[in-house]
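Have a look at the structure below before the remarks.
Numbering (my numbering), first residue to last: 18 to 147.
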């Protein structure tokens with residue numbers, strides 16, 4: 018297991034205020050149990066990927082996201098994977114609101130990327146240094 022251990026972080030996107038649940042270092046079994054317990058519905062099999070972003074919902078309302086990275090320990094590759102999954106999350110949040118990223122509004126998505134990464138990184142770093 019990574020030195021930072023299992024980590025759950027919850028953040029909100031900077032523009033639309035959607036909840037994003039971030040799970041770092043959770044095993045397939047951990048995540049399946051958690052999803053069952055919380056009643057989340059989703060289509061992706063967790064075991065098929067080492068990291069992912071997906072929209073989730075309860076009671077037919079899918080307005081939250083999960084970012085999961087199975088192995089995370091602040092290494093460059095781990096950070097790159099997290100940023101990659103943040104990108105998917107931001108693009109899909111914007112798509113939910115019919116906002117296509119283009120040259121005229123890319124600053125809008127850049128702010129969302131930056132804000133989400135900073136919130137997650139701050140929570141990881143803050144807990145690690147307690």
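For each residue, glycine too, the CB sits at the ideal point set by N, CA and C.
Just so you know, these numbers come straight off a predicted model, no measurement behind them.
**Request:** With DSSP as the reference, label residue 85 as helix, strand or coil.
**Result:** strand
**Request:** Give a yes or no on whether the C-beta atoms belonging to residue 67 and residue 87 are separated by under 8 Å.
**Result:** yes
**Prompt:** In chain order, what residues of the same chain have a beta carbon less than 8 Å from the beta carbon of residue 97, not counting five sequence neighbours either side?
**Reply:** none
**Message:** Please state whether the Cβ-Cβ distance between residue 108 and residue 134 is less than 8 Å.
**Reply:** no
**Request:** Report yes or no: do three or more beta-carbon pairs, one from the region 120-130 and one from the region 42-57, lie closer than 8 Å?
**Result:** no
**Message:** Just checking residue 111 against the ligand SAM - is the residue's beta carbon closer than 7 Å to any of the ligand's heavy atoms?
**Reply:** Annotation note on the ligand SAM: not contained in the displayed structure, which lists no ligands.
**Item:** C-beta contact flag for residue 84 and residue 73 at 8 Å
**Value:** no
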